[in-house]
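These notes concern the structure reproduced below.
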Amino acid sequence: MTDLTHAIVLVTGANGGLGAEFVQQALDRGAAKVYATARTPRTWDDERIVPLALDVTSQESVDAAARAAADTTVLVNNAGIGGSAPLLDTSVDEVEHVFATNVFGALRVAKAFAPSLRGGALIDVHSVLSWIALAGGYSASKAAFWSITNSLRLELAPQDTQVVGAHLGYTDTGMTADLDVEKADPADIVRTIWDAVEAGEHEVLADEISRNVRAGLSAPLSALYPALATA
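With the first letter of the sequence shown counted as 1, position 222 gets the number 215 in the working numbering; the numbers rise by one all the way through.
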């Protein structure tokens, strides 16, 4: 378990809806300082929040951030980009662009900050689409990221770093602004994730759709993909 009291937290993608909630709720739970990172950091009205430039696709930028925030004890790997076009309608270059942020960028950040997370925590923000391929390259990237998190959990265990994989469905953020679907409140999702971190969990299913899909992974593929039953 990881106590956020007096923790030094770094959040990637802090400008977005989920990111901003991670920042504020960490402070509400007693964090001493939060590094709020983004390619172009915003201004915050709290001296405990330190804006920090970070482009997860650039090793130089990640290395600079790791030096500037070497006191980090809790890392939230939240930065990501969307995309839902079918793979056959998407260029390989476009898919590689999604992977550059969602997979390799997240891994790059985790590797750079791993030494400072001894006795602390790494939170990787996944998606229900890690387990169900409904969004082309985005789903594929989240599935890959999930696998990477499972490996990092084992590799970081000897240094007592809690690694938490967080899965969620549609949430009311800028990434889903154009989708006409029921969406969860980012505040509720982040609250559930922080609760799991403080409870010592390895994985958190932050909403009902994530719990339902996770529970169905052992079923025949046609249960997850009804179109296969009529193909």
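For every residue, glycine included, the Cβ atom is placed at its ideal position computed from N, Cα and C. Keep in mind that this is a model prediction, so the values were computed, not measured.
State buried or exposed for residue i, treating a residue as buried only when at least 16 other CB atoms are found within 10 Å of its CB.
| i | result |
| --- | --- |
| S132 | buried |
| K104 | exposed |
| S123 | buried |
| A63 | exposed |
Go to residue i, then tell me how far its beta strand (DSSP E) extends in each direction, as first and last residue.
| i | result |
| --- | --- |
| H90 | Here H90 belongs to no beta strand (DSSP E); instead the alpha helix (DSSP H) covers V85 to F92. |
| P44 | I42 to A46 |
| V121 | First-last for V121: undefined, no H or E at that position. |
| G158 | Q155 to H160 |
| Y218 | Premise fails: Y218 is in no beta strand (DSSP E) and is neither H nor E. |
| I1 | I1 to V4 |
Which stretch, first to last residue, makes up the alpha helix (DSSP H) that contains residue i?
| i | result |
| --- | --- |
| G12 | G10 to D21 |
| N205 | E201 to A208 |
| T66 | Element bounds for T66: n/a, residue is neither H nor E. |
| E191 | P179 to A192 |
Rounded to whole angstroms, how far is the Cβ of residue i from the Cβ of residue j, which I believe are closer than 8 Å?
| i | j | result |
| --- | --- | --- |
| V43 | V49 | About 17 Å; that fails the 8 Å criterion. |
| G6 | G73 | 6 Å |
| V206 | V121 | 5 Å |
| T(-5) | V190 | 5 Å |
| A25 | R41 | 7 Å |
| E201 | V157 | Actually they are not in contact, since the Cβ atoms of E201 and V157 sit about 19 Å apart, beyond 8 Å. |
*Decide yes or no for the touch test of the stretch 200 to 217 against the stretch 9 to 19: beta carbon pairs closer than 8 Å, at least 3 of them.*
no
*Pair every Cβ in the stretch 141 to 149 with every Cβ in the stretch 91 to 106, then say whether three or more of these pairs are closer than 8 Å.*
yes
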